[in-house]
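Quick note: the numbering used here has the sequence shown finishing at residue 128, numbered continuously throughout. Have a look at the structure below, then the notes.
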Amino acid sequence: MLTSAERSTAGLTSVGEPKAIGSARTCDWTEPGTFGLAISVDESKGLADLRTEKKTARQVKVGAREALKVADPKADDGTCAVLLGAGESASVQIDVSNTNFTGTEAACARADKVAGLVEPKLP
């Protein structure tokens, strides 16, 4: 889902590893000692179908698309997710986890950047 140039922009130095998480197709990257990133495409659940913790999720826009950002800045656990709607019944989730489990703001900046790269490619 990301070109070589886009991977570089996101701080990724390798090609992602394909995986399946439930019904979602996922591409997973690990930058040793720094962060992990996963992009999951779920063709069975739209944005409205996804369950999130209300206290850590907020509605945002990525491009012209409705999205949710899930992070807990107070916990500063180094994780952030951006969930993009892709039509009524599909979604894309970008998850970032910092290796040291701190720096939620940095994780969200990276998740936002990747979401901005992915969003124009969605139907």
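For glycine and all other residues, C-beta sits at the position ideal for the given N, C-alpha and C. The structure displayed is predicted, hence computed values, not measured ones.
Spatially closest choice to residue i from the options, by CA coordinates
{"i": "L42", "options": "V123, N103, G121", "result": "N103"}
{"i": "V75", "options": "G27, D117, L127, M6", "result": "D117"}
{"i": "D47", "options": "S94, V123, T35", "result": "S94"}
{"i": "V87", "options": "E71, P37, A80", "result": "E71"}
{"i": "D100", "options": "R12, Q64, E11, D33", "result": "D33"}
{"i": "S49", "options": "A25, V119, T57, A29", "result": "A29"}
{"i": "A80", "options": "K24, A112, Q64, S96", "result": "A112"}
{"i": "G38", "options": "R12, L17, A120", "result": "L17"}
Beta-carbon proximity list for residue i, same chain, < 8 Å, skipping 5 on both sides
{"i": "D82", "result": "F106, T107, T109"}
Coarse secondary structure for residue i, derived from DSSP in three states
{"i": "K74", "result": "strand"}
{"i": "E93", "result": "coil"}
{"i": "K66", "result": "strand"}
{"i": "A120", "result": "helix"}
{"i": "L52", "result": "helix"}
{"i": "S45", "result": "strand"}
{"i": "S102", "result": "strand"}
Assumed close pair residue i, residue j - CB separation to whole angstroms, cut-off 8 Å
{"i": "V67", "j": "L52", "result": "No, V67 and L52 are not in contact; Cβ-Cβ is about 11 Å, not under 8 Å."}
{"i": "P128", "j": "G92", "result": "6 Å"}
{"i": "L122", "j": "A25", "result": "With a Cβ gap of about 22 Å, L122 and A25 do not count as contacting."}
Same chain, Cβ closer than 6 Å to residue i, neighbours up to 5 away in sequence not counted
{"i": "D77", "result": "T61"}
{"i": "R63", "result": "K74"}
{"i": "E22", "result": "D33"}
Burial state of residue i (16 or more Cβ within 10 Å)
{"i": "Q98", "result": "buried"}
{"i": "T84", "result": "buried"}
{"i": "A114", "result": "exposed"}
{"i": "I44", "result": "buried"}
{"i": "V119", "result": "buried"}
{"i": "S19", "result": "exposed"}
Contact with chain C by residue i, beta-carbon distance below 8 Å
{"i": "A116", "result": "Judged by its chain identifiers, the structure shown contains no chain C, having just a single protein chain."}
Same chain, Cβ closer than 7 Å to residue i, five either side skipped, listed in chain order
{"i": "S96", "result": "D47, K50, G51, L52, L55, L88, L89, G90"}
{"i": "E36", "result": "G16, L17, T18"}
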